[in-house]
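Right, one structure below, let's go through it.
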Amino acid sequence: EEGVVVVVDNGKLSDQKHTAVMAWNKASEGDWRQSIYCKLRERNKKEYENINDLIQLHNRLFEQSESLRTENLHLTLQNERLRQENTQLQSQGGGGGGEGGGSSSVVVQALEQKVYKLQEELTNLHRRKGENAQQLVELNQCLQERDKLMASKDNKLAEYESDLLILREDLAAKEAVLADVQAVNQVLRDEYQTLNLAFTALEDKYRKAQGENRELIDRWMAQKAKDAEKLNMENDTALKKRQLVLEEQLKEAAREPKQVNTDDKFACSPPICLTAILPAKAYLKFDAHDGEVNSVCFSPQGRILATGGADRKLKLWDISRATVEAKGLLTGSNAGVTAIDFDAEESLILGASNDFASRVWTVVDHRLRHTLTGHSGKVMAARFLSESAKVVTGSHDRTLKIWDLRSRACIRTIFAGSSCNDLVPSDSAATTIISGHFDKKIRFWDTRTEQSANEVPLQGKITSLSLSREPVLWHALGTQVENHLCPAIELKRS
1 EEGVVVVVDN GKLSDQKHTA VMAWNKASEG DWRQSIYCKL RERNKKEYEN
51 INDLIQLHNR LFEQSESLRT ENLHLTLQNE RLRQENTQLQ SQGGGGGGEG
101 GGSSSVVVQA LEQKVYKLQE ELTNLHRRKG ENAQQLVELN QCLQERDKLM
151 ASKDNKLAEY ESDLLILRED LAAKEAVLAD VQAVNQVLRD EYQTLNLAFT
201 ALEDKYRKAQ GENRELIDRW MAQKAKDAEK LNMENDTALK KRQLVLEEQL
251 KEAAREPKQV NTDDKFACSP PICLTAILPA KAYLKFDAHD GEVNSVCFSP
301 QGRILATGGA DRKLKLWDIS RATVEAKGLL TGSNAGVTAI DFDAEESLIL
351 GASNDFASRV WTVVDHRLRH TLTGHSGKVM AARFLSESAK VVTGSHDRTL
401 KIWDLRSRAC IRTIFAGSSC NDLVPSDSAA TTIISGHFDK KIRFWDTRTE
451 QSANEVPLQG KITSLSLSRE PVLWHALGTQ VENHLCPAIE LKRS
């Protein structure tokens, strides 16, 4: 049986795709459309070149099969005609007798040979037809595979087109976002330029205000100097008057005889330490910290002992019963505690630390109340002033700072010029602060002025200061220096 062969002209298919691509390209805009069109043409060209020979071979086989079919039909008709002639000849030969028997048999043999040859040719033609049919089946299978490949390519192309549409939408969204960002950026630039101009104007005003402030300070200092000179002159005049009156009184007293009691000759003299006794044994001894103990401080009433160590902890101990009892643990320091002080009411405790800060806790509930930061070096000393709301600290950064706990801010910075190791307030009003420094000097600072009131040089670096609290007409300042000396300095009260 004959198979049905479907031949597809790939040239027409390619022309249809080319026409569709050209129409789509005309409808779209941009270089990317031209790029896609060129890629489609290259793909069609490559696929057409791969199957062009196959299609031509298929067309030649189809034409050859048609010609063989026509020739087979012609030979079949000729064979039938020869059979009919052979039948007629045989019938004529039987009716004519023996005269024409010899000649008719020769003709029959010749026709039979001719029929045999035609049958052989027909057999060959059938064989060739079968081979051509097999080739057509194989070509059809190959063509079907090519069609499947083309369908997969078309599906991929459709997917790429959908992806392209999605990318175009994303691109449009990104362009809109970019436009918004550029607009916001332009607004910010305009605002920055406006603020920069305003800052320049304010900076000029600030410089003018600074100049005016310096001028006013200079005028104020000059006026203060004049007032001080005037006051000094008045004091000198009053002193001279008092000296004259005193001289007159002394002269009058010298003229009058007076009985002197020798028993009271040391009654008004200050107390003198005649002997010093070394401690014989320790009153209490206990392990307070995991590392070194850097500072200790008794409470004003003497019942609580505070210790600070290198383990970043400040501990309170009750020693009122001749035994040691842990009363509280104060945490919050990020480095070792270097100095401790109680306020006069024994309600707050102050601790300085190596983490460039000082902290204030409440003694009752052991809560951290204030953290004072502002030094650029280790805080080596810290003390309460006369008011519990003010604190003075000394640091390794060569400065002293006075803090107001109400506002939690530094209200004054004193530049000492050397690292401060310890400090004490000299009087109840806290108008003078005494500080010991690394450069072997003790400095006296008047909190009401900007300058150092006095300096006392010693023989070594000052490591500690302590001020006596006896209610007499003079104070003694005890100091500890690096060369194992402990000099005492007399401070006159006005």
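Using the UniProt record's numbering, the first residue of the sequence shown is number 1, and each one after it goes up by one.
We put the beta carbon where it would ideally sit given N, CA and C, even for glycine.
Remember, predicted model here, so these are calculated numbers, not experimental data.
Host beta strand (DSSP E) of residue i (start-end)
{"i": "residue 551", "result": "Because residue 551 is not part of the residues shown, which for the chain are 1 to 494, the question remains open."}
{"i": "Arg412", "result": "Ala409 to Phe415"}
{"i": "Gly328", "result": "Glu325 to Leu330"}
{"i": "Asp404", "result": "Thr399 to Asp404"}
{"i": "His366", "result": "Element bounds for His366: n/a, residue is neither H nor E."}
{"i": "Thr432", "result": "Thr432 to His437"}
{"i": "Ser395", "result": "Lys390 to Ser395"}
Where residue i sits in the DSSP three-state scheme
{"i": "Thr87", "result": "helix"}
{"i": "Asn421", "result": "strand"}
{"i": "Ser466", "result": "strand"}
{"i": "Phe444", "result": "strand"}
{"i": "Arg60", "result": "helix"}
{"i": "Ala225", "result": "helix"}
{"i": "Ala339", "result": "strand"}
{"i": "Ala357", "result": "strand"}
{"i": "Phe298", "result": "strand"}
{"i": "Arg311", "result": "Residue 311 is actually Asp in this sequence, not Arg. Of the three classes helix, strand and coil, the one that applies to Asp311 here is coil, per DSSP."}
{"i": "Leu316", "result": "strand"}
{"i": "Thr194", "result": "helix"}
{"i": "Ser35", "result": "helix"}
{"i": "Pro349", "result": "The residue you asked about is not Pro; residue 349 is Ile in the sequence shown. Strand."}
{"i": "Ile304", "result": "strand"}
{"i": "Asn124", "result": "helix"}
{"i": "Glu292", "result": "coil"}
{"i": "His370", "result": "strand"}
{"i": "Thr237", "result": "helix"}
{"i": "Glu169", "result": "helix"}
{"i": "Thr70", "result": "helix"}
{"i": "Glu212", "result": "helix"}
{"i": "Glu387", "result": "coil"}
{"i": "Thr449", "result": "coil"}
{"i": "Asn52", "result": "helix"}
{"i": "Arg219", "result": "helix"}
{"i": "Asn185", "result": "helix"}
{"i": "Asn454", "result": "strand"}
{"i": "Ala282", "result": "coil"}
Rounded distance between the beta-carbons of residue j and residue i, thought under 8 Å
{"i": "Lys313", "j": "His289", "result": "6 Å"}
{"i": "Leu348", "j": "Ser388", "result": "6 Å"}
{"i": "Ala416", "j": "Ala381", "result": "Rounded, the Cβ-Cβ distance is 11 Å, inconsistent with contact."}
{"i": "Thr463", "j": "Phe444", "result": "Actually they do not touch by this definition, with Cβ atoms about 18 Å apart."}
{"i": "Ala310", "j": "Gly291", "result": "4 Å"}
{"i": "Val360", "j": "Leu405", "result": "7 Å"}
{"i": "Leu385", "j": "Val392", "result": "6 Å"}
{"i": "His437", "j": "Arg408", "result": "Not a contact, Cβ separation roughly 27 Å."}
{"i": "Ile414", "j": "Thr399", "result": "6 Å"}
{"i": "Glu71", "j": "Leu136", "result": "About 18 Å separates the two Cβ atoms, so there is no contact after all."}
{"i": "Ser418", "j": "Asp446", "result": "That belief does not hold up - the Cβ atoms of Ser418 and Asp446 are roughly 18 Å apart, past 8 Å."}
{"i": "Leu329", "j": "His366", "result": "7 Å"}
{"i": "Leu467", "j": "Ser426", "result": "7 Å"}
{"i": "Asp422", "j": "Leu465", "result": "4 Å"}
Short Cβ contact (8 Å threshold) for residue i with residue j
{"i": "Ile340", "j": "Gly302", "result": "no"}
{"i": "Val115", "j": "Leu89", "result": "no"}
{"i": "residue 519", "j": "Leu372", "result": "Nothing about residue 519 can be read from this structure; the chain reaches only from 1 to 494."}
{"i": "Glu346", "j": "Ser295", "result": "no"}
{"i": "Lys441", "j": "Val424", "result": "no"}
{"i": "residue 561", "j": "Arg146", "result": "Nothing can be reported for residue 561, as the shown portion of the chain is limited to 1 through 494."}
{"i": "Ser324", "j": "Leu284", "result": "Note that residue 324 is Val in the sequence shown, not Ser. Yes. Within cutoff."}
{"i": "residue 496", "j": "Leu68", "result": "The structure shown does not extend to residue 496, since the chain spans only 1 to 494, so no value can be given for it."}
{"i": "Leu139", "j": "His58", "result": "yes"}
{"i": "Leu61", "j": "Asn132", "result": "yes"}
{"i": "Asp318", "j": "Asn334", "result": "no"}
Residue i beta carbon near the ligand MG (any heavy atom closer than 7 Å)
{"i": "Ala322", "result": "What this structure holds is no ligand at all, so the ligand MG is not there to describe."}
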